[in-house]
Structures are given as structure tokens and as C-alpha cells.
Amino acid sequence: MFLALAAGAALVADPFFGLDKASQTGVWRSQGYGYVLDVGDAGVRIYDVTSSSCALSGEAAKLEELGVIEKGANGRFVLAGDTARIGFERRAALPGACLSPESPTADPLRNFDVFWETFNENYPFFALRGVDWKAVREAYRPRVAALPRDADLWPVLTEILGRFQDAHIRLVDGERRFQVRRNSSGSSMPEIQKGLIEYLARSDGPLGGQVTLDAHDRLAYGTTREGVAYLAVMTMGGFSNGPVGWPGNTTSEEDVAAARAALDVAFARFEHAPGLILDLRFNPGGSESISALIAGCFADRKRLAYTRAGWDGDHLGPAFETYVEPGGCRKFAGPVVVLTGERTTSAAEALVMRLRVLPQAIVMGQPTQGAHSDVLSRTLPNGWRLGLSNEVYTLADGHVYEGLGIPPTITTPAPEPGAPPEAIYGADIRRGAERLVADSVAH
397 MFLALAAGAA LVADPFFGLD KASQTGVWRS QGYGYVLDVG DAGVRIYDVT SSSCALSGEA
457 AKLEELGVIE KGANGRFVLA GDTARIGFER RAALPGACLS PESPTADPLR NFDVFWETFN
517 ENYPFFALRG VDWKAVREAY RPRVAALPRD ADLWPVLTEI LGRFQDAHIR LVDGERRFQV
577 RRNSSGSSMP EIQKGLIEYL ARSDGPLGGQ VTLDAHDRLA YGTTREGVAY LAVMTMGGFS
637 NGPVGWPGNT TSEEDVAAAR AALDVAFARF EHAPGLILDL RFNPGGSESI SALIAGCFAD
697 RKRLAYTRAG WDGDHLGPAF ETYVEPGGCR KFAGPVVVLT GERTTSAAEA LVMRLRVLPQ
757 AIVMGQPTQG AHSDVLSRTL PNGWRLGLSN EVYTLADGHV YEGLGIPPTI TTPAPEPGAP
817 PEAIYGADIR RGAERLVADS VAH
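Residue numbering for the sequence shown follows the working numbering, beginning at 397 and increasing consecutively.
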């Protein structure tokens, strides 16, 4: 997250409270997210903390390197990146665990305790996911305590994580990786995206075989037989060869620029189209910077899309507003049908949240994946990387769709497992085109 904020801090940072550097000095705790900053003359030390653990996760020469600094209420401040904002409040001293950081250890019990505390203090969705977290500790801790010190904890932790059915929960140990996604088709994302491109290239497909691929195949577009514009966005990142960072800003400035340039070319071709189908059905997410860019191509003015707040132990931290507003890209002013499904995930869902508040857009298909939060990443004492959801996204209408998926305006039948390409890919494209043509005739 802090790498994300730093990458998003190309803007000129505001003076800290308008005062001198001395006002920054001291210890600051994040409101949610489990961070502690120790700011001194030598720079900034960033710690990941739980109630019993403290791990140095990064350093910076000065606070402004971590993000744009905004003044908060009651002596607090906010670090803001491209899309993420985190509030901080002063503390009298570092947590005791940070005064004598522990050495890396493979001890199963110590790793289990830090794992459990990380979720207990940062995860807001136990009730939603049907997981009694205290009961998990009571059931599993004695089992772990009985293991030899050199035992592999992987089977135990992945068994626990499998209960959540949360696409933003992950555990990584080198080549071993655990993650769960709702996926009724059984096909991998690369397989189903490849299938879409092959289907669009068919002469009997909805685009008559005339499909353009651009930006490292992140965009696929063309015009339907009815004259409706069609644009599939495959991911929210990787539009250039720029470096990749963390969720919240997984793209470089070069990547955002590459996405903007590719979208401008596509929208120039769509200038006279009666409407546009934006296909997000097979988009697993990436960067909300790309989500904001794409939404800005359709926005006519600033509108509230959603708020996001980090879980802070037993309550939500401050909620920060996210708006959809016109951006620096070529505009498409006509009606838009946004296609969604269970593979529409994370930053792709953030784009749906932005688009659904626009008067000219309707959402068609099936509910999205329901994994909205950025991934809070932590390192366990044994070096394994743990990722979890820690933010609550509340849409402009007051609803929270975490775990449920954002419902479409118009629900269409989900394709059955093993269905032919026309049912998997083509049916909703044709429905969207028919809707846009009918609307253009009516007006």
C-alpha cells in the first residue's frame, strides 16, 4: 500500500499542516491498515504491526515520499495516493514490539498467532463470510501448538483460508500460492480471455471478425453488425511495459498514459456510434487508476461513486469519498451498456461502481465477484506473504456489495458450464447491441 501511495505522489505535496518539519517528528499510527510510522531526522521507518508483532516493512527519506499530505482534524493527517487515502493519528511512543523486533522464525505457533492477529485486527467481513474467528483460534491453536517446530504450517493455514471464499485472500510461499475465486465455468482467466478474442475474430461473430487488439491485448474492440461500438477491457493494468507496484496503484504513470492513448484511438473510431458496449465480464482487476481513467471518458461532471474505509480493530476508520469525473481522455457521450459477470473483480468492480452512477450507463449481465477492497499485504515471521481484504466500499446509494457482487440493472441468464462460445461470449453482446439500437430508435 505504501509503495502505491509513494508511486501516486508525483503531485506536489502540501506542507505538513502548513508548519515546519518539526511538527512531523514522532510516532504516527494509521486508522486501520495496521501501520506505524516513526518520523525522525534520519527519515521515516514504516512498520506493519499487530497486537503482539512489529515488522519493519519500509523506509523513506521524508514523509512526503509516501504520498500527498493532507491536513486532518484533531491533529491528524492523511496520506493520499492516486486512489488510496489513509488517515494517521499521533501516538506517544512506538509499540513495545517495535522496540525489539523479533527475528524471522519458522515456528508454527508464532506464525499462527501473527496470522490470526492480522485477520482479527484488519478483516471486516467475518460475519458476511460465515466465519467465527475466535472459534477458529480455539479449534486450531492447540493443533498447531502440538506440531514439531519444523512442521509445514501450509495445510493448516490454507484449510482455514478456504472457509472465507474471498477472492482477495491469498497466501504465497515461493511457488506455492493459495487463492479462491468464484468460478462456475472452471476455466482459468487466460483461457476464457483467449476464448473471447477467438470468438470476436470469427466471421460469424458479433463483430463480423473485425476485431482490433491494442495495448498488449488489454483492449479488444470493433463495431457490431448493428453499428454499435464494442470495447472489451481485459485487465486494469499492463497497458505498457512500465513497472508494476501494489494494489491501489498497480500501474506506472507510463502505463496510465499508454491506456489513455489506446482508449483515445478506440473512441475516435466510435465517434458516430449510437452506443457502446463496455465488456468487463472477464476482467480480474488491477489498478483503480485505470478504473478512474476509463470512467472519466464517459463522465460529464463530478459525481460521488463510493466511499472506502479501512477496518480498525473493532470499527471502521474514516471513510474517504471517491468520485467519477471527466478525465483527460477522448469522451464518448452516447449511451453505454456495461457487461458484467462473476469474473468481474476488484478494480474492474470499482469501474462498475463509477459507471453505474452515470445517467447514460446501464449494467447488464450477472453480479460481479464481490471482492472490492485493496489487498492488505503482510509478511509472516517465516517469510510467507499473506493478503487479505481490509476495506469496506460503500456505494453512492448506501449499499455494500462485498461478497455479494454488484447486481446488474438488467440480469441475463448465466451460461451453463460447458456451454458453447455463443452462449458464453456472444449472447450478452447481442443483447447489449439490441438494447442500444432500440434506445437509439426510440430517441
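Yeah, the Cβ is synthetic: ideal placement off N, Cα and C, and Gly gets one too.
Note down the Cα distance separating residue i from residue j, rounded to an integer number of angstroms.
i, j, result
"Arg486", "Tyr429", "15 Å"
"Ala744", "Phe678", "9 Å"
"His768", "Ser785", "8 Å"
"Ala403", "Leu462", "Only weak support exists for where Ala403 lies, its pLDDT of 40 falling under 50; the value from the coordinates is given anyway. For Ala403 and Leu462, the distance between alpha carbons rounds to 8 Å."
"Ala597", "Gly682", "26 Å"
"Asp824", "Pro500", "51 Å"
"Ser496", "Glu787", "30 Å"
"Phe484", "Arg441", "14 Å"
"Val652", "Phe511", "35 Å"
"Asn470", "Arg506", "37 Å"
"Asp708", "Tyr797", "20 Å"
"Pro813", "Ala819", "10 Å"
"Gly468", "Phe663", "40 Å"
"Asp562", "Lys458", "36 Å"
"Ala669", "Tyr702", "30 Å"
"Ile686", "Ala654", "10 Å"
"Glu498", "Leu776", "11 Å"
"Pro602", "Lys698", "34 Å"
"Gly828", "Glu622", "11 Å"
"Gly533", "Phe522", "The identity of residue 533 in the sequence shown is Arg, whereas the question assumes Gly. The alpha-carbon atoms of Arg533 and Phe522 are separated by roughly 13 Å."
"Asp793", "Pro491", "39 Å"
"Tyr519", "Glu667", "45 Å"
"Leu446", "Arg539", "Correcting the residue type first, residue 446 is Thr in the shown sequence and not Leu. Each residue's Cα considered, the two are about 22 Å apart."
"Asp613", "Met630", "8 Å"
"Ser449", "Arg750", "38 Å"
"Arg425", "Leu433", "6 Å"
"Phe728", "Arg577", "33 Å"
"Pro755", "Thr619", "23 Å"
"Gly723", "Leu659", "12 Å"
Just curious, the beta strand (DSSP E) that residue i is in, first and last residue?
i, result
"Ser367", "Any answer about residue 367 is impossible in this case: the structure gives the chain only from 397 up to 839."
"Asp548", "Neither: Asp548 is in no beta strand (DSSP E) and is coded neither H nor E."
"Asp467", "In the sequence under discussion, the amino acid at residue 467 is Lys, which differs from the Asp named in the question. Lys467 -> beta strand (DSSP E) spans Val464 to Lys467."
"Tyr443", "Gly439 to Val445"
"Arg739", "Looking at the DSSP string, Arg739 is not in any beta strand (DSSP E), and its letter there is neither H nor E."
"Tyr841", "The structure shown has nothing for residue 841, since the chain only spans 397 to 839."
"Gly761", "Ala757 to Gly761"
"Glu455", "Cys450 to Ala456"
"Ala476", "Phe473 to Ala476"
"Leu543", "Run containing Leu543: none; DSSP gives neither H nor E here."
"Leu609", "Thr608 to Asp610"
Which stretch, first to last residue, makes up the alpha helix (DSSP H) that contains residue i?
i, result
"Lys590", "Met585 to Leu596"
"Leu495", "Gly492 to Leu495"
Between which residues of its own chain and residue i is the CB-CB distance below 6 Å, once the five residues before and five after are set aside?
i, result
"Gly671", "Val624, Gly730, Pro731 and Leu832"
"Gly799", "Leu524 and Gly766"
"Ala547", "Pro504"
"Thr646", "Reliability fails at Thr646, whose pLDDT of 43 lies under 50, so the model's placement of it is uncertain and the value that follows must be treated cautiously. Excluding sequence neighbours, Thr646 sits near Gly633, Val640, Gly682 and Ser683."
"Gln575", "Arg566"
"Asn778", "Ala502 and Asn507"
"Ala863", "This structure leaves residue 863 out entirely; the chain is present only between 397 and 839."
"Tyr821", "Leu592 and Tyr595"
"Ser453", "Ile442 and Asp444"
"Gly783", "Arg566, Val771 and Ser773"
"Arg752", "Val759"
"Gln589", "Met630 and Phe678"
"Phe635", "Ala611, Arg614, Asp651, Ala654 and Ala655"
"Ser836", "Pro670"
Go through its chain and collect everything with a Cβ distance to residue i's Cβ below 7 Å, but skip five positions before and after it.
i, result
"Trp780", "Leu567, Val568 and Asp569"
"Leu553", "Phe511 and Leu567"
"Glu466", "Asp410, Phe473, Val474 and Ala476"
Would you list the one or two residues that DSSP bridges to residue i?
i, result
"Trp424", "Leu433 and Arg486"
"Thr783", "Before going on, a small fix: residue 783 reads as Gly here, not Thr. Gly783 pairs with Arg566 and Ser773."
"Phe574", "Leu567"
"Gly618", "Tyr626"
"Val733", "Ile673 and Ile758"
"Arg481", "Ala476"
"Gly749", "Looking at the sequence itself, residue 749 is Met, so the reference to Gly does not match. Answer by DSSP bridge pairing: none, since Met749 is not bridged."
Kindly examine the ligand GDP and report whether one of its heavy atoms sits closer than 7 Å to the Cβ of residue i.
i, result
"Ser742", "Ligands displayed in this structure: none; no statement on the ligand GDP is therefore possible."
Excluding the five sequence neighbours on either side, which residues of its own chain have a C-beta within less than 8 Å of the C-beta of residue i, listed in chain order?
i, result
"Gln606", "Gly618 and Thr619"
What beta strand (DSSP E) runs, 3 residues minimum, are completely inside the segment 651–725? 672–675, 699–706 and 716–720
Run through the segment 500–540 for me and flag every whole beta strand (DSSP E) of 3 or more residues, listed as ranges in chain order. none
Would you list, in sequence order, the uninterrupted beta strand (DSSP E) runs of no fewer than 3 residues that lie entirely inside the segment 789–834? none
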